[in-house]
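K.L.:
This is the structure I want to talk about, given as structure tokens.
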Amino acid sequence: MTLPLTWAGLVVAALGLSNTGLADALWGAVAGYLSLWMVYWLFKLCTGKEGMGYGDFKLFAALGAWFGWPALIPLILLASLAGIGVGLVMQYRHTLRENHSIPFGPFLAMAAWVMMIGGPLDMFNWLA
């Protein structure tokens, strides 16, 4: 599902049907994939364990294709903060078991939904 989503984002950008230019969409897909791929391998080299699945790389690449590379940092920040929040709540409620993981893909999808509603960079204007 994520690979067709990536291609669709690139095609929509190439046809000029989105606010994201083709160059931004292309580099967004590349940077989205490679950024999480590097995190994956760094974690695996340090711990010997897999920290995330390949679907996370592909989903972040698709989001990069749709939103463009400038939106990647706000996307990953929002998804990470949401994941931390849910993890802390689960730990507080004692529903987070040791050595079990929480999927990151739903948090990426939630961040994308929030950015579709609020705008990719407009939602961070309160920081300035």
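Numbering (my numbering), first residue to last: 3 to 130.
Glycine included, each C-beta is placed from N, C-alpha and C at the ideal position.
Just so you know, these numbers come straight off a predicted model, no measurement behind them.
#1: To the nearest angstrom, how far is it from the Cα of Ala81 to the Cα of Ser20?
#2: Along the chain, where does the alpha helix (DSSP H) containing Thr8 start, and where does it finish?
#3: With distances taken Cα to Cα, identify the nearest neighbour of Phe109 among Ala73, Lys46, Met40 and Ala84.
#4: Less than 6 Å separating the Cβ of Trp68 from some heavy atom of the ligand GTP?
#5: By Cβ distance below 6 Å, which residues in the same chain neighbour Leu61 in space, the five residues on each side in sequence not counted?
P.N.:
In brief:
#1: Start at 1 with the first residue of the sequence shown, and residue 81 comes out as number 79. Start at 1 with the first residue of the sequence shown, and residue 20 comes out as number 18. Computed Cα separation, rounded: 23 Å.
#2: Within the sequence shown, residue 8 is the residue found at index 6, counting from 1. Start and end: Thr4 to Ala16.
#3: Locating residue 109 in the sequence shown gives position 107, where the first residue counts as 1. Looking at the Cα atoms, Ala84 is the closest of the given residues.
#4: No copy of the ligand GTP appears in this structure; indeed no ligand is present at all.
#5: Walking along the sequence shown from the start, residue 61 turns up at place 59. Within the same chain, Leu61 has close Cβ partners Thr4, Gly107 and Leu110.
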